[in-house]
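*Asks:*
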Amino acid sequence: MGRMHADEVGTDVALVRRLLAGQFPQWADLPVEPFDSPGTVHAIYRLGDHLSVRLPLVEWGSEDVEKEQRWLPRLAPLLPVAIPAVLGKGVPAEGFPWPWSVCRWLDGGNPDAGRLAADAQTAGALAMDLAGFVGAFRRIELPGGPPAYRGGSLAEQDTATRAAIAELKGLIDTDAATAAWDAALRAPEWAGPPVWVHADLMPGNLLVADGRLTGVIDFATTGVGDPACDLIIAWNLLPPRAREEFRAGLNPDDATWARGRGKALSMALIQLPYYLGTNPAIAANARHVISAVLAG
1 MGRMHADEVG
11 TDVALVRRLL
21 AGQFPQWADL
31 PVEPFDSPGT
41 VHAIYRLGDH
51 LSVRLPLVEW
61 GSEDVEKEQR
71 WLPRLAPLLP
81 VAIPAVLGKG
91 VPAEGFPWPW
101 SVCRWLDGGN
111 PDAGRLAADA
121 QTAGALAMDL
131 AGFVGAFRRI
141 ELPGGPPAYR
151 GGSLAEQDTA
161 TRAAIAELKG
171 LIDTDAATAA
181 WDAALRAPEW
191 AGPPVWVHAD
201 LMPGNLLVAD
211 GRLTGVIDFA
221 TTGVGDPACD
231 LIIAWNLLPP
241 RAREEFRAGL
251 NPDDATWARG
261 RGKALSMALI
271 QLPYYLGTNP
281 AIAANARHVI
291 SAVLAG
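Listed below in structure tokens is the structure:
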């Protein structure tokens, strides 16, 4: 597959080795292997058995590195499952232009929507784990949190969402997608104070073992905003029954649930044409979300 972004920079094992040798010689002799991640903004490399190297692929991803380095240590003790721990803060060098991180490796696999659809008990247990995580995140009271990506009004995504719908003519039911998007826009906006959200709860950012949530990764989008941001997991992973269990576990008001549905739909509609030829995992998940939302 080709590069995902026009302005994407290349990375490889040799670059990672040079960066480590120059800045973290204590880890320079560990094995380095590229990790096949569905992520879209960072390249991930395994470093030995217990570490990872995280390099932004695009300039706008470099801000995410600094955000994670600042906030992950503060968020970790307040959350019920493991999140990444930054052990090394890399700086630009060896021709690589942005900051980067060495993190502790978190074990676990990504949940699969198809398998959850076939196992109601596992899906329900995971739904409650996710509700617990989202609820804990909302209760965080760390001051000075940055604005969450996608944390604002749905109307901010209207132009991009409608443009994506137009691009998808012939691939999806664009009339149904437009109607669903219009309905989401009619939901009242969040009137409460902004709350802490992850804002990118997609299957690729969740770690599970034996069907239970053990970790959450990729906090590039985290910050404060509309709590509807973290409801997107209801449509991008959970089957209908587990979706309702997740909803019951959090008990959002109807307007917040409707905005969450709209945020999930908007993300998927924008992602599908953008990643259709470059990131099969993201494109497949986008199709899944669109189908789930349009199915009601």
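Going by UniProt numbering, the residue at position 57 of the sequence shown is 57; the numbering climbs one at a time, nothing skipped.
Cβ atoms here follow ideal geometry from the backbone N, Cα and C, with glycine treated the same way.
#1: Assign Gly10 to one of three DSSP states: helix, strand, or coil.
#2: Compute the beta-carbon to beta-carbon distance between Gly225 and Gly151, rounded to the nearest angstrom, for a pair I have assumed lies under 8 Å.
#3: Counting along the chain, where does the alpha helix (DSSP H) carrying Gly71 start and finish?
#4: Taking the Cβ atom as the reference point for each residue, do Ala93 and Gln23 lie within a distance shorter than 8 Å?
#5: Beta-carbon within less than 7 Å of Asp261's beta-carbon, same chain only, minus the 5 sequence neighbours each way: which residues are those?
#6: In angstroms with no decimal places, state the Cα-to-Cα distance between Gly48 and Leu168.
#7: For Trp196 versus Gly144, is the C-beta spacing smaller than 8 Å?
#8: Quick check: the Cα distance between Asp230 and Ala43, rounded to an integer number of angstroms?
#9: Ordered along the chain, which non-local residues of its own chain (more than five positions away) have a Cβ less than 8 Å from that of Arg212?
#10: With DSSP as the reference, please indicate the residues paired to Phe96 in a beta bridge.
#11: Using DSSP with H/G/I as helix, E/B as strand and the rest coil, what is Ser291?
#12: Work out the CA separation of Gly109 and Pro203 for me, nearest whole Å.
#13: Which first and last residues belong to the beta strand (DSSP E) in which residue 369 is found?
#14: Could you pull the start and end residues of the alpha helix (DSSP H) that Arg115 belongs to?
#15: How would you write the range of the beta strand (DSSP E) that Trp196 sits in, first residue to last?
#16: Rounded to whole angstroms, how far is the Cβ of Phe219 from the Cβ of Ile83, which I believe are closer than 8 Å?
#17: Beta-carbon separation of Gly90 and Leu19 under 8 Å?
#18: Which whole-angstrom value describes the C-beta separation of Val86 and Val58, a residue pair presumed to lie in contact below a C-beta threshold of 8 Å?
#19: Taking its Cβ as the centre, do 16 or more other Cβ atoms sit within 10 Å of Gln26, making it buried, or is it exposed?
#20: Can you list, in chain order, the residues of its chain whose CB lies under 8 Å from that of Ala199, leaving out five sequence neighbours each side?
#21: Based on the DSSP output, what are the partners of Ser101 in its beta bridges?
#22: Taking the beta strand (DSSP E) that Tyr45 falls in, what are its first and last residues?
#23: Return the Cβ separation of Ala242 and Ala268 in integer angstroms, given the expectation that the two are a contact with Cβ distance under 8 Å.
*Replies:* Per the coordinate set shown:
#1: Translated into the one-based positions of the sequence shown, residue 10 becomes position 10. Looking at Gly10 - three-state DSSP - the assignment turns out to be coil, as it is neither helix nor strand.
#2: In the sequence shown, the residue the question calls residue 225 occupies position 225. In the sequence shown, the residue the question calls residue 151 occupies position 151. Under the criterion of beta carbons closer than 8 Å, Gly225 and Gly151 qualify as touching, at roughly 2 Å.
#3: Translated into the one-based positions of the sequence shown, residue 71 becomes position 71. A small fix is needed here, since residue 71 is Trp in this sequence, not Gly. Element bounds for Trp71: 59 to 75.
#4: For this step, residue 93 is matched to residue 93 along the sequence shown. For this step, residue 23 is matched to residue 23 along the sequence shown. By the CB criterion at 8 Å, Ala93 and Gln23 fall inside the cutoff.
#5: Reading the sequence shown from its first residue, position 261 is the one you call residue 261. A small fix is needed here, since residue 261 is Arg in this sequence, not Asp. Counting only Cβ-Cβ distances below 7 Å, and skipping sequence neighbours, we find Ala184, Trp235, Val293.
#6: For the purposes of this step, residue 48 is identified with residue 48 of the sequence shown, where counting begins at 1. For the purposes of this step, residue 168 is identified with residue 168 of the sequence shown, where counting begins at 1. Cα-Cα distance, rounded: 42 Å.
#7: Position 196 of the sequence shown, counted from the first residue, corresponds to residue 196. Position 144 of the sequence shown, counted from the first residue, corresponds to residue 144. The criterion of a C-beta distance shorter than 8 Å is not satisfied by Trp196 and Gly144.
#8: What you label residue 230 is simply residue 230 of the sequence shown in a count that begins at 1. What you label residue 43 is simply residue 43 of the sequence shown in a count that begins at 1. About 24 Å.
#9: Along the sequence shown, one-based indexing puts residue 212 at 212. Excluding sequence neighbours, Arg212 sits near Ala125, Leu126, Asp129.
#10: As a position in the sequence shown, residue 96 is number 96, starting the count at 1. Beta bridge pairing from DSSP links Phe96 with Ala93.
#11: Within the sequence shown, the letter at position 291 stands for residue 291. Note: Ser291 maps to helix in three-state DSSP.
#12: Locating residue 203 in the sequence shown gives position 203, where the first residue counts as 1. Locating residue 109 in the sequence shown gives position 109, where the first residue counts as 1. For Pro203 and Gly109, the gap between their C-alpha atoms comes out near 10 Å.
#13: Nothing about residue 369 can be reported from this structure: the residues present for the chain run from 1 to 296 only.
#14: The count along the sequence shown starts at 1 and reaches residue 115 at position 115. Element bounds for Arg115: 113 to 117.
#15: Stepping through the sequence shown from its first residue, residue 196 is reached at position 196. Counting along the chain, the unbroken beta strand (DSSP E) around Trp196 starts and ends at 195 to 197.
#16: Stepping through the sequence shown from its first residue, residue 219 is reached at position 219. Stepping through the sequence shown from its first residue, residue 83 is reached at position 83. With 8 Å as the limit, Phe219 and Ile83 qualify as a contact, their Cβ atoms being about 7 Å apart.
#17: Translated into positions along the sequence shown, residue 90 becomes position 90. Translated into positions along the sequence shown, residue 19 becomes position 19. Taking 8 Å as the Cβ cut-off, Gly90 and Leu19 qualify as a contacting pair.
#18: For the purposes of this step, residue 86 is taken as the residue at position 86 of the sequence shown. For the purposes of this step, residue 58 is taken as the residue at position 58 of the sequence shown. In fact, because the Cβ distance is near 20 Å, the residues do not count as touching under 8 Å.
#19: Within the sequence shown, numbered from 1, the residue matching residue 26 stands at position 26. When all chains shown are included, Gln26 counts as exposed.
#20: Translated into the one-based positions of the sequence shown, residue 199 becomes position 199. Closer than 8 Å at the Cβ level, and outside the excluded window around Ala199, lie Ala148, Tyr149, Arg150, Gly151, Thr221, Thr222, Gly223, Gly225, Cys229, Asp230.
#21: Numbered from 1 along the sequence shown, position 101 holds the residue referred to as residue 101. Arg54, Lys89.
#22: As a first step, residue 45 is located in the sequence shown; it is residue number 45 there, counting from the start. Tyr45 -> beta strand (DSSP E) spans 42 to 47.
#23: Your numbering for residue 242 matches position 242 in the sequence shown. Your numbering for residue 268 matches position 268 in the sequence shown. Incorrect: roughly 19 Å between the Cβ atoms, too far for contact.
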